[in-house]
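First comes the structure, then the notes that go with it.
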Amino acid sequence: MSNIAIETDALTKTFGDFTAVDEISIKVEKGEIFGFLGANGAGKTTAMKMLTGLLTPTSGKAMVSGFDVFSQSESIKKNIGYMSQKFSLYDDLTPEENIRFYGGIYGLDQHQLSKKRKELIESLELEKVRKKLVGSLPLGWKQKLAFAISIIHEPNIVFLDEPTGGVDPITRRQFWERIYQVAEKGVTVFVTTHYMDEAEYCDTVSIMVDGKIEAMDSPDNLKKKFKTNSIEDIFIRLARVAKRGDR
Amino acid sequence: MNSFRGFVIKEFKQIYRDTRTLVVLFGMPVLMLLIFGFAIRNEVNNAKIGVLDLAKDEVSSAIIQKIAASKAFQLNAYLTSYDEVESIFREGEIKEIIVFEKDFARNLSRSGSASIQLITDATDPNLANIVQTYTNAIIADYVQELNSNSIPDVGIKVHSKMMNNEELASVNLFVPGLIAVILMLVSALMTSISITKEKEMGNMEILLVSPLKPHHIIIGKVLPYLLLSVVNVVTILVLAKYIFQVPFLGSYVLFFAESILFIVTALSLGVFISSVANNQQTAMMVSLVVLLLPTILLSGFIFPIESMPLPLQVISNIIPAKWFLVIVRGIMLKGSGILIIWKETAILIGITLIFITFSLKKFKVRLQ
Chain A
58 MSNIAIETDA
68 LTKTFGDFTA
78 VDEISIKVEK
88 GEIFGFLGAN
98 GAGKTTAMKM
108 LTGLLTPTSG
118 KAMVSGFDVF
128 SQSESIKKNI
138 GYMSQKFSLY
148 DDLTPEENIR
158 FYGGIYGLDQ
168 HQLSKKRKEL
178 IESLELEKVR
188 KKLVGSLPLG
198 WKQKLAFAIS
208 IIHEPNIVFL
218 DEPTGGVDPI
228 TRRQFWERIY
238 QVAEKGVTVF
248 VTTHYMDEAE
258 YCDTVSIMVD
268 GKIEAMDSPD
278 NLKKKFKTNS
288 IEDIFIRLAR
298 VAKRGDR
Chain B
775 MNSFRGFVIK
785 EFKQIYRDTR
795 TLVVLFGMPV
805 LMLLIFGFAI
815 RNEVNNAKIG
825 VLDLAKDEVS
835 SAIIQKIAAS
845 KAFQLNAYLT
855 SYDEVESIFR
865 EGEIKEIIVF
875 EKDFARNLSR
885 SGSASIQLIT
895 DATDPNLANI
905 VQTYTNAIIA
915 DYVQELNSNS
925 IPDVGIKVHS
935 KMMNNEELAS
945 VNLFVPGLIA
955 VILMLVSALM
965 TSISITKEKE
975 MGNMEILLVS
985 PLKPHHIIIG
995 KVLPYLLLSV
1005 VNVVTILVLA
1015 KYIFQVPFLG
1025 SYVLFFAESI
1035 LFIVTALSLG
1045 VFISSVANNQ
1055 QTAMMVSLVV
1065 LLLPTILLSG
1075 FIFPIESMPL
1085 PLQVISNIIP
1095 AKWFLVIVRG
1105 IMLKGSGILI
1115 IWKETAILIG
1125 ITLIFITFSL
1135 KKFKVRLQ
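These protein sequence lines map, in sequence, to chains A and B. Just add 57 to wherever you are in the first sequence, counting from 1, and you've got my numbering. Just add 774 to wherever you are in the second sequence, counting from 1, and you've got my numbering.
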C-alpha cells in the first residue's frame, strides 16, 4: 500500500469556456492535514467536488484513497467523509435522529448505530439537547455535530469545505482540536478555509488563485520561501493578482 | 435496505414536524372538496322565471306546467306584454322569460312548427347558459312526447331524463377533477419542494457523496408522498360519498389502481421539476404554473374541452389530468370497466413512462 491518500495530476474542470480548476497537481499523504486556501471563486469547492465524486473532471487524473475518480467513484464514496459549507444537518430532526439517519445511509447496522449514537452524544456533550431540534442549536454545536457525522462511518479521508465559517475564535479553536484528534487516528483531513490562522494548523498548505495552485508546502517552508512570517502575507501577495472577483 | 428504510422514516418525521406541510397535505384536500362541493355549483335550483304567454292555448299551458314542475325552476311572474321584460330583468330576481308566440297551438298543428323565445338575463352568463340549456331540454322532451303520440295527448306527466348525471349535479363532476388537482398538489408540488429543499440546505450534496444510489434517493423521497396521496384519495372518496352522496358505480380496485398510476405520473413530474429548479420558490412557481393551472383549466375539470379553441384542445391532450378525469368520471359515474377505459389508461401510462425517463435522466445529469 502506498502512503498517498490523494493524488491528482493536471486535474481540470471547465464549465463552457470558463476554467474553474486549471491543471492542479497535488499529493496528500495519509494522516496529513491538508489546507486548501483560496479566495472566493478561486475554484476550491469545484476541486473538492471532483475529489468527492460530485463532479466529473474535464481532464487530468486523480486518485482518492487508491481509487480513480473517473471510474471508481462508487468505491471512493465508501471511503470518504464530506462536510459541506452548509453543514447539511436536518434542522427539523434532533441530533440523535441526524446521527441515526446519516449512519444508516452509510450502511451502519442497528448495533453500530446505537453505539455510535451514545458515543457521539457523549463526546460532543449533547446530552441536554439530544431531544431538541438541530435548528435551535448554536452554530458551533451544529458544526461539531456535522463534523462528527461526516466521519461516522470511519472513512480514510474526510473533506471539510469551510467548516468553521461564521463562528468565534474559541469555537474555531475547539473545532481544530477535534480535527487533530481525528488526524491522529490516521484519517487524512482535506480542509478548505478562509482563515489564515487556521492555515498554520495544517501540515501542508496550498494556495489557489484563479483555478491554479500558486504555492504548496508546509507553512514553515512557505514562510521561508516568501521571506515573511505570516501565511496571510503570502496569501495576499498571491491573491492580489487574481482576475476573478467574488462570484 | 436498512439505509433506505432510514431514509423513508426520516422523510415521514420531517413531514410530520412541519405544520405547514401537514396543513397542505391534509387540510387542503378537505377544504377544497367542501368549497367546491358546497359553494361552486353549476346546477340550477329554483331559478326564478317568468312567462309571457301570448297564445294561452292548451299546448303552451302544458309546456308551462311542465317547466314549472321542474325542480330547477320556480315560476314567479306572468307577463302580459313585451314591455315588461326589461323592467322585470332590472329587478334582478327573474333569470329567464319564456315567450310563446300568438296562436302557438294552431301554428304547431297547421305547419308543424311553432316558436318559443327564451330571454335570459345574461348578467351572469354562466347561469344564463345553464338555465337556457335546462329549458331547452324540457321543451325538447315535450316535443318528443308529442311526436311519439299521433294524437296530441298532452297529459300532466312531467318526465325529464338525462343520462349519467341525472340532476346534472356539479359535485359529481367536480369530485374526479378535484382528486386530480389534489393529487397534483400533494404529489408533484410537495415532492418537488421537498427535494429542492434538500438541495437548498446542502443535504443533497451529502446524500450524493454517500454510497446511496440516486434512485434510492428518489424513491426514498417519493414513497412517503405516494402513501400520503393514497390516504388523500380515500379521504376525498369518503367525504364525497357521505357528505355529497356522489355515486360510485365502478370497481374500487380499478379506481385505486388508476389513482396510483396518476400519483406516479405526478410524482415523476415533481422529481423532474426539482431537478430543474434550484430552490423551493422556483419549484413552487414552476409547479403551480406548469402543473396546477393546466390541471385546473385545461383538463376539462372546470371548462369543457369540447368548447375550447382548437389549439387548446390539442394542448389538453398532453395534460395527464385530462385522461385521468375521463377515467375517474367513467368509473365513478358510469361504472366503466377497464375494457372501456383502456385507451385512456394506456395513454396515461405512456405519459408517465416518458416523464419518469426524463426525470431519471435529468437527475443523473445533474450529478455529473
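All C-beta atoms, glycine included, are put in the ideal place defined by N, C-alpha and C.
Between the stretch 952 to 963 of chain B and the stretch 1060 to 1068 of chain B, the count of Cβ pairs shorter than 8 Å is three or higher; the stretches touch. With a threshold of 7 Å between beta carbons, residue 973/B makes no contact with chain A. Counting along the chain, residue 999/B sits inside the alpha helix (DSSP H) bounded by residues 988 to 1016. Cβ contact annotation for residue 1023/B (same chain, cutoff 6 Å, sequence separation greater than five): 1109, in chain order. Taking a 10 Å sphere around the C-beta of residue 202/A, we find 16 or more other C-beta atoms and assign the residue as buried. Per DSSP, the unbroken beta strand (DSSP E) holding residue 64/A starts and ends at 61 to 72.
Between the alpha carbons of residue 1129/B and residue 1035/B lies a gap of roughly 13 Å.
In chain order, 240, 246, 259 and 260 place their CB closer than 6 Å to the CB of residue 90/A, counting only its own chain and leaving out the 5 sequence neighbours on each side.
Residues are counted here when their Cβ sits less than 7 Å from a Cβ of chain B; for the stretch 152 to 164 of chain A these are 154, 157, 158, 161, 162, 163 and 164, given in chain order. Closest in C-alpha terms to residue 1027/B, from the list 1004/B, 1042/B and 918/B, comes 1004/B. When DSSP reads this structure, residue 86/A sits in a beta bridge with 61/A.
Beta-bridge partners assigned by DSSP to residue 822/B: 848/B.
In the structure shown, the three-state DSSP call for residue 1058/B is helix.
Cα atoms of residue 870/B and residue 848/B: separation of roughly 10 Å, rounded to the nearest angstrom. Under the three-state reduction of DSSP, residue 77/A is assigned to strand. For residue 1037/B, the enclosing alpha helix (DSSP H) stretches over residues 1026 to 1050.
With respect to the 7 Å criterion, residue 296/A and residue 96/A are classified as neighbours on the basis of their beta carbons. For residue 141/A, at least one C-beta of chain B is nearer than 7 Å to its own C-beta. Rounded to the nearest whole angstrom, the CA to CA distance from residue 134/A to residue 78/A is 22 Å.
Across the structure, residue 263/A and residue 61/A are spaced so that their CA atoms are roughly 17 Å apart.
Listed as beta-bridge partners of residue 95/A by DSSP are 265/A.
Beta-bridge partners assigned by DSSP to residue 216/A: 139/A and 247/A. Annotation for residue 836/B: no beta strand (DSSP E) segment contains it, though the alpha helix (DSSP H) segment containing it runs 832 to 843. By the neighbour-count criterion, in which 16 or more other beta carbons inside 10 Å mark a residue as buried, residue 155/A falls on the buried side. The residues 136, 137 and 138, in chain order, have a CB closer than 6 Å to that of residue 212/A in the same chain once the five nearest residues on each side in sequence are set aside. If the five residues before and after residue 64/A are omitted, its C-beta is found closer than 6 Å to the C-beta atoms of 84 and 120, all from its own chain and listed in chain order. Among the CB atoms of chain B, one or more fall inside 7 Å of the CB of residue 109/A. Contact annotation for residue 150/A against chain B: 784, 787, 788 and 791 [CB-CB distance below 9 Å, chain order].
Taking a C-beta distance under 7 Å as the contact criterion, residue 995/B and residue 969/B qualify as a contact pair. In the structure shown, the three-state DSSP call for residue 1019/B is coil. DSSP links residue 120/A through a beta bridge to 64/A and 125/A. With contacts defined by Cβ atoms closer than 7 Å, residue 1093/B and residue 1045/B do not form a contacting pair. With contacts defined as CB atoms closer than 7 Å, residue 244/A and residue 215/A qualify as a contacting pair. Contact check for residue 906/B against residue 897/B fails: the beta carbons are separated by 7 Å or more.
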